[in-house]
Every structure is written in C-alpha cells, then in structure tokens.
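Below is one structure, written out as structure tokens, with a few remarks after it.
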Amino acid sequence: MNFKDKTPVQFAKEVLGGREISVAESRNLVKQLKDEHAFGYARKVLARARKSRVDDAQLAIWLRQQHALCTYKDPDLPASTRFDLALEILATGEDLGATKDQETLGLAGAIHKRMWEVDGQRDHLEWSLSFYRRGYELGVEPDAGYTAINAAYVADLLGVESAADAKGGLTSQAAAAYRKLARTIREDIIQTLVPLAEEPANKLITGQWWFVCTIAEAYFGLARYDQASEWLREAAAIENVSEWEFQSTAQQLTKLARLQSAGEVDSGETFRSSPAGRTLLAFLGNDALGLQSAYLGKFGLALSGGGFRASLYHIGVLARLAELDVLRNVEVISCVSGGSILGAHYYLEVQKLLESKNDLDITRQDYIDIVRRVARDFLAGVQRNIRWLVAASFLTNLKMIFRPSYSRSDRLGELYEECLYARIQDGKGGSERFMKDLFVKPKGCATDFNPKRDNWRRKNKVPTLILNATTLNTGHNWQFTASWMGESPWSVDPAVDGNYRLRRVYYDDAQGIEMKDGERRGVRLGTAVAASACVPGLFEPIVLRGVYANKTVRLVDGGVHDNQGVVGLLEQDCNVLLVSDASGQMESQDEPSNSVIGVPLRSNSILMSRVREAEYDDLVARRSTSLLRGFMFVHLKKDLDVEAVNWAGCDEPIEASDDARPAELRGPRTRYGIRKSVQRRLAAIRTDLDSFSDSEAYALMVSGYRMTEFEFPRTVSGCEAPAEEAVQWPFLAVEPAMDRADDSGKLMELLSVADQGAFKVWKLYPPLRILAWILVAVLAACAAWWLWEKRDEAVITYQTIGVSLLVLIASTVLGKSVMRIVRFRETVTKILFGIGMALIGFFVAKIHLAFFDKRFLKLGRIKRLLP
Numbered sequence: 001m002n003f004k005d006k007t008p009v010q011f012a013k014e015v016l017g018g019r020e021i022s023v024a025e026s027r028n029l030v031k032q033l034k035d036e037h038a039f040g041y042a043r044k045v046l047a048r049a050r051k052s053r054v055d056d057a058q059l060a061i062w063l064r065q066q067h068a069l070c071t072y073k074d075p076d077l078p079a080s081t082r083f084d085l086a087l088e089i090l091a092t093g094e095d096l097g098a099t100k101d102q103e104t105l106g107l108a109g110a111i112h113k114r115m116w117e118v119d120g121q122r123d124h125l126e127w128s129l130s131f132y133r134r135g136y137e138l139g140v141e142p143d144a145g146y147t148a149i150n151a152a153y154v155a156d157l158l159g160v161e162s163a164a165d166a167k168g169g170l171t172s173q174a175a176a177a178y179r180k181l182a183r184t185i186r187e188d189i190i191q192t193l194v195p196l197a198e199e200p201a202n203k204l205i206t207g208q209w210w211f212v213c214t215i216a217e218a219y220f221g222l223a224r225y226d227q228a229s230e231w232l233r234e235a236a237a238i239e240n241v242s243e244w245e246f247q248s249t250a251q252q253l254t255k256l257a258r259l260q261s262a263g264e265v266d267s268g269e270t271f272r273s274s275p276a277g278r279t280l281l282a283f284l285g286n287d288a289l290g291l292q293s294a295y296l297g298k299f300g301l302a303l304s305g306g307g308f309r310a311s312l313y314h315i316g317v318l319a320r321l322a323e324l325d326v327l328r329n330v331e332v333i334s335c336v337s338g339g340s341i342l343g344a345h346y347y348l349e350v351q352k353l354l355e356s357k358n359d360l361d362i363t364r365q366d367y368i369d370i371v372r373r374v375a376r377d378f379l380a381g382v383q384r385n386i387r388w389l390v391a392a393s394f395l396t397n398l399k400m401i402f403r404p405s406y407s408r409s410d411r412l413g414e415l416y417e418e419c420l421y422a423r424i425q426d427g428k429g430g431s432e433r434f435m436k437d438l439f440v441k442p443k444g445c446a447t448d449f450n451p452k453r454d455n456w457r458r459k460n461k462v463p464t465l466i467l468n469a470t471t472l473n474t475g476h477n478w479q480f481t482a483s484w485m486g487e488s489p490w491s492v493d494p495a496v497d498g499n500y501r502l503r504r505v506y507y508d509d510a511q512g513i514e515m516k517d518g519e520r521r522g523v524r525l526g527t528a529v530a531a532s533a534c535v536p537g538l539f540e541p542i543v544l545r546g547v548y549a550n551k552t553v554r555l556v557d558g559g560v561h562d563n564q565g566v567v568g569l570l571e572q573d574c575n576v577l578l579v580s581d582a583s584g585q586m587e588s589q590d591e592p593s594n595s596v597i598g599v600p601l602r603s604n605s606i607l608m609s610r611v612r613e614a615e616y617d618d619l620v621a622r623r624s625t626s627l628l629r630g631f632m633f634v635h636l637k638k639d640l641d642v643e644a645v646n647w648a649g650c651d652e653p654i655e656a657s658d659d660a661r662p663a664e665l666r667g668p669r670t671r672y673g674i675r676k677s678v679q680r681r682l683a684a685i686r687t688d689l690d691s692f693s694d695s696e697a698y699a700l701m702v703s704g705y706r707m708t709e710f711e712f713p714r715t716v717s718g719c720e721a722p723a724e725e726a727v728q729w730p731f732l733a734v735e736p737a738m739d740r741a742d743d744s745g746k747l748m749e750l751l752s753v754a755d756q757g758a759f760k761v762w763k764l765y766p767p768l769r770i771l772a773w774i775l776v777a778v779l780a781a782c783a784a785w786w787l788w789e790k791r792d793e794a795v796i797t798y799q800t801i802g803v804s805l806l807v808l809i810a811s812t813v814l815g816k817s818v819m820r821i822v823r824f825r826e827t828v829t830k831i832l833f834g835i836g837m838a839l840i841g842f843f844v845a846k847i848h849l850a851f852f853d854k855r856f857l858k859l860g861r862i863k864r865l866l867p
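In the working numbering, the protein residues as written are 1 to 867.
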C-alpha cells in the first residue's frame, strides 16, 4: 500500500478520521501497523473493517482473529479487561470449546499464557496448554507445528512450576508428566515436518521463517543442538524477515534454554559458553550483544518517593549497581517524587553517554563515572536549598500571588532544571528541557530507534524513563514518558473502578501545551518532575488545562497511588525488579493524637502502610511463581528490630534470651554491616526538599550502597561480580563515623535533629540556642504586656458583629452595585497584602539562605567528623 510519504500510523489516523479504504486495504494496513507494534491503531482499524460487509468467509475469519490478537496486545487497554475482551471477540460466531480452527486455538492459548504472565495464576497456564494441545491434536502439518511447538513450551513451563511445588524432596509426578509431554510433542514435530521439508515440491514451505524456526526449536528443546544449529542457519539465510519475527524467535529460544537449564547455568556468561548458548551465538552473529541480558531477563529499576532523603539513598543504590556492572542492563526506570527528581538527573547523564559513544565502546567505568557525577552534582544542587529558593525571588513571589496559573509547584519545576539538571554537561546548560527531548538516539543507530523493538540487540540498554504522578480527577496513576503522558491502563480495573480514564496522549497530539515556532513542545521536564513530587497539602497540584475537553487535570505526588513505582515496571514486562524504597514508613506512637487533624493524618498513614505491604506481598507472590526472575527490595528499615511490648503487670515477659529471630538478625548491627542505632536515625530523616549536609547525604548513600551490596547477590541470580576492585566512593568517608560503638559523636548529634523540617541549626549551634531562649523570653514578655494592656477591652464587640452582618446583607440583597465599592477596597487590600507577603517571603528566604542554611551545611561537613 502506498501511503504517499505517510507512516502507517499517520495513514491509520486518517482512516479512523473517516477516510474510506477497502477491506483488503485495511488488511494490508494492519500488517504494517503490527510490524511497528502499533497494536492500538491496528485494533481500531480492524474494528472499523469488521463493520463493513465482508463476502469472503476466510477474510472475515482473519479479521476476527487479528482483531482479537491486536486487542490483547494493545497496551492502551486495561490489563484486567483486554484479555477477556479478546476472548469475547475470538468467540464471536465460534464456540471456543468445540472449534477445530487451529489459528483460533493458538490465539486462545496465547491469550491465556499472557494472562498468566500478568497475574501469575496457574489456571491460565493450564487453559493455555489445553487450547494449544487441542490444536496440536488436530495435526502438526496443517498449521506447520504452530500450536504444537507452543504446547511443548507451555508444558515445560508447567513442568517447572510443578517441580517448584514439590515438597519434602519428593519427585513431582506432574512435573515429569509435563516434561514427557513436551518431549513427545517435539519429537512428533520433527517426525512430521522434517520429511515435508525434504520433499522438493515443498521448497516454498521450507523457505518460510516460522516453518524453519519451529523445526529448529523442536531440536533445541530436545537438546539436540547440532541439528538445531543446521535449521537455524537455514533460517538465517531467509530474506525479508521482519524485525519482530527475528526478535521473537531469539527471545523464545533464550527463554527455553533458561527453562531447561533448571538452575544449572547460573549466569549470563556461563550461558554463553553452554551448548545452548553457543548455538544461539552462532545463529545471532552480530546481533548476539543482547544475548546475555535476554537470558538474565528484563531489568527494571524503581526509585521510590521520600523527598531528597530518598534521592540521596538512591544514589548509594546506583553506586553499587554500577560497581556490579548492572546498570547497563536496566531497560525501565520508574520513579516517584524524590525518586523522580534523582531519576531524571541520572537518565539525562545516561542519555548523554548513549548518544556520544558506540555500544561496543561503553564500559563499566562509564556508568561508575555517571554515578560519581550524579552524586557530586545532585548534592551540590540540593545544598542550594530548593525549598527556600522557591520564595527567594521577589518577582516570582509576586507572580505566584497574582497569577492563578503559576504556583509554588511550577516554581519548583523551574528550580529542578536550574539547580540540578543544568549541571549536566550535555551542551544544554540552563535552557528549557522538555519531555519529548528525552528520546535517546544512540550513536551509530537508526534515527527511529525504539527501545521495545531494538533494545534486545544492544549490550547497553536504552532505558525508558517513567515519571509517576497521581490524578486528582480520577485517583489513577498518571505517567510522563518521552513519548506521551496520561493515565496508565495497567492499574485501572473497570470491574471495580467506575471512573473515566484519561487516555495517554502523545505530545504532538496534545492540545493546551506549550507551543514554540508552530511546534508543540509538550511538557517541561521540570514540570513533570514537580507533578511527581507535588506533596498534597504542602504544594499546589500541577494543572494541565485544555488537554482533555471540559476537564482540568490536577496532578499530585505519585506516592499517593504507588510510592514505590513498581506499577510502571510490571506494565513494561520487567521480570527482574530492583526496588529502592526510601519512603517515609509509618512510625510507632506511644500516644497517638486525638485531635481533629491528627486522627485523619494518622489514619492516612496506616492506609498508605497497608498499600505498601499489599504491593510488596504481590511482588513476593510473583517471585514465588517464577514470573519474576529476580526481585531486590531494599528499604531504610531493613533488619531493624521489631520489639514485642509486654502488657502491664505481665508475669511472663519476653527476655532477650527468648529472641526467636535467626542469629544473623540479632545484635547491634544489621546484616549489611550498619549499626542499627544509626540506621534507625537514617530511617527517621525528614522527607523534605531543603538542604542536606554532607554528613546526612553521605550516610544515606552508604546505607543504600551497603544494603544493595548485601541484597543483590541474594535476590538476583546470574550476574557475576566483576573482577575489578570495589570503587572508593567519596561518600564512604562517613563510614567510620557511622561505626562508632558508643553511638556518640558529631554524626549522631547531626542525625538526632535530621528528622525536623525547621530549626535544625538552632539546636546544633550553641549561640543560636541561647538566642532562641532570649527570643522566647522577649516574645513571652511582649505577649504578657499586650494582654495586660487589653485586659479591659473586648476583642469581639457588637460593632464588629453588626458591620459583618451589614456586609453580608448588602452582598445578598442589594447585589453588585453596592459590593463594587467593598470589592474595590478588598482588591486594593489584597494587592498591598500580596506585595507585603512577597517582600516578607523574599527577605526571610534570603536571610535563611545567607546565614542559617550556610551555618547548617558548615556544621555537617565531613571533615568535622573525621579524627
């Protein structure tokens, strides 16, 4: 089909807008949309084509089957409904329980297998095998072994699951039966298809990609690698194979090799030297760079919320992952709040690296250097005290007061770019940065590089950055990426959620966003980060107007919906999750508040704690069902003691000797080597956006670093530690101070006030402590004098009550004509008040930054802690 200089997606938009095309043309368009993974547009084109009259019965069946396929693959549909919808489409005019159409049975099997990948329910795997097996039993030859080879693969999956379920060392009979079934099916495929391929009359069939690859996979699954290599060489010689077909085959064979290794091959490097690995290396040739990461799995990194405390902790996690040479494997970075502030900074550094060096030239040291720069530059930006800088400009103060569309949150977004991202040496300096500019164009790669499609070929992955916020309109998760913004369909379940969903919109299509030179620039990076870090009650929501008709979108902190950011990783099919959680976990309280405000706040903390626990339990369940190949979860309260409190008058108190915990969890230190008293103080540090001293920041980095050092090898298999020595990170200079056995010294003094949002320096600096007491005494004296002077006067008089009533009556009875004068005076008062507040805020901020903040940072310098 000739699109006349239009891409398939652009042409599909015209069709959906009313352009008439034939059903046959729709079929060709759908094929090209599928090649580009534009399943959403393909689904809509198919739905439109199916409404037309189709006289060809086979074409009608094809349209229905493809409609089902594109529906279950459409990422813009909620995961909880798209599979059921696809099965409904597939069953239209056909009984899935009795059908003998192998294509329909194969699609039904694929849908159920995908459902298992999403929710881990074994029933879906059983259903998948049932459909595939029915297709296989109709004969291997009619569908060239498609349902048969998939039945064998799912049988292997069930065999592994059954073996994992076997208890007490007993051999699982079910596991053996599934493996036997898989072996029988593969042998049948070979006995049926190989003779067909040897007949001269079938040369046309043997030149088809899937026919040849099915035979190769059958040999591969039987560990007959010499024969598999022969057929893979024949497959490699086939011309005009689409990218997704080649990728799908390579990944399927790699998954099969991992399934059948059963833990014997424990690392990517070992796999490359195994018979299965050598077979795949010979097949992939120059495309084998990504083979190791394909074997290990798709890595996703989640950076939680928690203000700058979380940001600094995440730097320590990144440092250890850089040492382990793992960061090159990360394909998705999902961030929330403080994690978004840091994640965007790290991503910009990675973008610069990938666009300036060829894939083969990038080394472990490059990622170490990135983390070094991030640790240095990010802390320098934090120490400018962004929270107080919000008020440190008189003009922006006036702008915030008198311009309703400009809030402190918008100012925060500007400061993130100015104080943090402008430090990155990528040639952009302090210029505006937009989300759509975050597209990575790897050096030496095509300009239309797509991470989902092309990452598998690369050794150093191009990560997808997801900045998570929460929509006040609906309560759903909102995401910003380099391509689009909108609510994630993953976490929306229409069965229990009746709110509308704000569909993802590409920046080039979005109305109501910044324009420049006739081009839609999209959303600024700082604005997206500010939305993700917009703590409700402390900062105003980020507002998007005009994007959706008759709706004003208001966005707040992503932690309201998912403070760990794992939804984005699961949605992107990551199966190795690295979760860095420095969020503000709920503390115990001896005397909970009974106030009107305190009770709801405490109740909300309990609710968020339960959400966090439920999310963690879901991830653990996914790990136990092998949906996740690796799951590292580090957090600030890890290994801290949980005390059992005896009741008053208890006659059987718990003693230290009764401690039922494992030996490694007892004692004054955590398993990762940090003293529990220090770690407990770190877990209580404020989740704020003010200055953090060197000592506070370095201690948080050490915590993240040591915890990752301990947890990663225990929870993620297959990544061998590099032979190079550990890096001497600057933040490790604080470790001796953290290791003082008596819990005394300047570090603990600093950490003792680190949980406070204000007046920290007043408690650390003796002259200010004295001044504080003097000020308290003076204020108390002034208050006492004023009350004494006013002892005979009434604060509220009949006169003030009468004036208030007259104003109320005038506003309701006499209307606008009388109120204009009152409003005029109110307006003048508001202007004068606003100017006064802007000046006061400006002067207070300047004084704080010039004196108090500098003194606080000086008290927290590392050299003060060293002997």
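For every residue, glycine included, the Cβ atom is placed at its ideal position computed from N, Cα and C.
Pull up the DSSP beta-bridge partners for residue i, would you.
i	result
residue 401	Paired residue(s): none; residue 401 is not in a bridge.
residue 632	578
residue 506	484
residue 468	336, 479
residue 539	536
residue 434	524
residue 300	332, 577
residue 553	544
Count the other C-beta atoms from every protein chain shown that fall within 10 angstroms of the C-beta of residue i, then say buried if there are 16 or more, exposed otherwise.
i	result
residue 843	exposed
residue 12	buried
residue 100	exposed
residue 534	buried
residue 500	exposed
residue 782	exposed
Under 8 Å by Cβ, that's how I've got residue i and residue j pegged, so tell me the actual separation to the nearest angstrom.
i	j	result
residue 530	residue 410	7 Å
residue 346	residue 374	5 Å
residue 562	residue 477	6 Å
residue 162	residue 178	6 Å
residue 304	residue 26	About 45 Å; that fails the 8 Å criterion.
residue 329	residue 296	7 Å
residue 335	residue 466	7 Å
residue 37	residue 244	7 Å
residue 323	residue 440	Contact flag wrong, Cβ pair sits at about 24 Å.
residue 848	residue 388	5 Å
residue 128	residue 154	5 Å
Less than 8 Å between C-beta atoms, sequence neighbours within five positions excluded: which residues of the same chain meet that for residue i?
i	result
residue 760	753, 754, 856
residue 868	Outside the modelled stretch of the chain, which goes from 1 to 867, sits residue 868, for which no answer is possible.
residue 126	158
Would you mind stating whether residue i and residue j have Cβ atoms separated by less than 8 Å?
i	j	result
residue 619	residue 575	no
residue 566	residue 344	no
residue 747	residue 738	yes
residue 308	residue 852	no
residue 845	residue 392	yes
residue 489	residue 79	yes
residue 553	residue 601	no
residue 569	residue 332	yes
residue 282	residue 229	yes
residue 318	residue 371	yes
residue 745	residue 314	no
residue 145	residue 69	no
Excluding sequence positions up to five away, which residues of its chain have a Cβ less than 6 Å from the Cβ of residue i?
i	result
residue 276	257
residue 635	581
Excluding the five sequence neighbours on either side, which residues of its own chain have a C-beta within less than 7 Å of the C-beta of residue i, listed in chain order?
i	result
residue 399	406
residue 138	100, 102
residue 413	524, 526, 527, 529, 530
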